[in-house]
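Per numbering that gives the first Met the number 0, the sequence shown starts with residue 0, numbered consecutively.
Report on the structure given below.
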Amino acid sequence: MQGLIFAIIAVVFAPVAGGLLAGLDRRVTAWMQSRQGPPIMQAIYDAAKLFGKEKLVVNRWQILCAWVYLIAAAMSVGLFFAQADLLIIFFVQAAGAVFLVMGALSARSPYSQIGAQRELIQILTYEPMLILVFVSMYLVVGSFNVSDILAYESPLIAKLPLMFIVLGYALTIKLRKSPFDFSTSHHGHQELVKGVLTEYSGPFLALIEVAHWYETVLILGVTALFWATSWYWMLLLLVCVYFAELLIDNTMARMTWRWMLRYVWGIGLALSFINFIWLYAR
């Protein structure tokens with residue numbers, strides 16, 4: 000019963016937290032670029048404005064895909080705060096990400112098509128990394144359940160420091176930050192218009208934006224599991240990680256998808272292998 004209450008609260012308030020984070024992202028990015036930047040609430044204002052616009056879509060399949068993407072993102076956040084199994088959360092989130100790609104592929108726009116292909120490559124890049132992170136947590140805790148991970152007596156980052164770096168790659172891709180923002184970007188430096196989001200507009204674009212806020216909360220929640228023994232250190236860890244993501248986004252140029260595959264899989268698999276050996280050697 001308590002888990003259900005937490006899940007409902009999370010589903011209701013996660014978009015607010017994600018929207019505020021998106022606004023803070025814009026403000027800090029503007030500060031790094033010596034600009035004033037918009038208000039922190041601007042991302043929420045923009046989404047509200049989109050919900051009030053006319054409903055225009057290329058085909059009805061886009062409507063279904065946008066709703067499935069949102070529902071899957073909300074369900075994954077709800078399951079996480081209900082302290083469910085990480086693998087179930089992973090598959091629910093992955094299903095929503097696939098529907099985002101399918102919605103973009105249903106349009107004939109070359110921008111949308113290329114953006115969808117790049118988004119699919121990104122999914123194939125970060126999903127194996129997330130699986131390795133969850134497996135490493137299982138090797139330490141002995142369970143995939145979020146409740147058991149939260150109850151573990153010591154910070155996971157002490158035993159999984161390299162897996163924390165691997166999670167950072169997935170976090171950078173999911174947040175659509177440079178150098179991995181080539182399927183779409185929330186800032187004005189996307190050479191493919193809006194890539195995978197090109198043919199979405201109005202309330203359906205707003206649905207996808209809210210779903211992205213849910214995913215931001217989810218991936219930061221997974222990051223928080225690495226220091227779940229103290230609320231103070233957990234909050235400090237999240238602040239440092241998010242600021243590092245903004246710093247990387249503003250200091251690195253976009254790379255190619257081939258570079259992303261080689262770099263993330265090469266370094267990610269190497270770090271995972273070393274951390275697994277270290278766990279067995281202890």
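Where is the CB? At the ideal position from N, CA and C, for every residue including glycine.
Close Cβ partners of residue i (< 6 Å) along its chain, the five nearest in sequence each way excluded
| i | result |
| --- | --- |
| Leu196 | Thr183 |
| Leu278 | Leu138 |
| Ser177 | Asp248, Met251 and Arg253 |
| Phe133 | Leu85 |
| Gly267 | Met128, Val165 and Tyr168 |
| Ile122 | Ala96 |
| Arg26 | Gly36 and Ile39 |
| Glu198 | Val57, Ala106, Ser108 and Ser111 |
Proximity winner among the options, relative to residue i (alpha-carbon distances)
| i | options | result |
| --- | --- | --- |
| Ile148 | Leu85, Thr171, Trp258 and Trp212 | Leu85 |
| Met251 | Met162, Phe181 and Leu49 | Phe181 |
| Asn274 | Ala9, Leu166 and Arg26 | Leu166 |
| Asp285 | Tyr241, Trp264 and Gly267 | In the structure as shown, the chain begins at 0 and stops at 281. Residue 285 is therefore absent and cannot be evaluated. |
| Gly77 | Val91, Ile70 and Val10 | Val10 |
| Tyr125 | Leu236, Ser111, Asn144 and Phe89 | Phe89 |
| Ala150 | Ile218, Phe272, Leu236 and Val140 | Val140 |
| Leu174 | Ser146, Gly18, Leu155 and Leu3 | Gly18 |
| Phe98 | Ile87, Thr222 and Ala210 | Ala210 |
| Ala280 | Trp232, Leu119, Lys158 and Phe203 | Lys158 |
Secondary structure of residue i, DSSP reduced to three states
| i | result |
| --- | --- |
| Asp84 | strand |
| Asn274 | helix |
| Asn58 | coil |
Residue i, buried or exposed, once every other Cβ within 10 Å from all chains shown has been counted against 16
| i | result |
| --- | --- |
| Arg257 | exposed |
| Ser75 | buried |
| Ile43 | buried |
| Lys114 | The sequence given here has Gly at residue 114, not Lys. Buried is the call here. |
| Ser33 | exposed |
| Phe203 | buried |
Residue i and residue j closer than 7 Å at C-beta
| i | j | result |
| --- | --- | --- |
| Glu214 | Ala72 | yes |
| Ala93 | Met128 | no |
| Gly220 | Phe79 | yes |
| Leu179 | Thr171 | Sequence check: residue 179 is Phe here, not Leu. Cβ atoms of Phe179 and Thr171: closer than 7 Å. |
| Pro21 | Ala205 | Here residue 21 is Ala; the residue named in the question, Pro, does not match the sequence. In this structure, Ala205 does not lie closer than 7 Å to Ala21 by Cβ. |
| Ala13 | Val216 | yes |
| Pro154 | Trp226 | yes |
Nonlocal neighbours in the same chain, by C-beta distance under 8 Å from residue i, ignoring five residues either side
| i | result |
| --- | --- |
| Met31 | Leu245, Leu246 and Asn249 |
| Ser105 | Val57, Asn58, Trp60, Gln61 and Cys64 |
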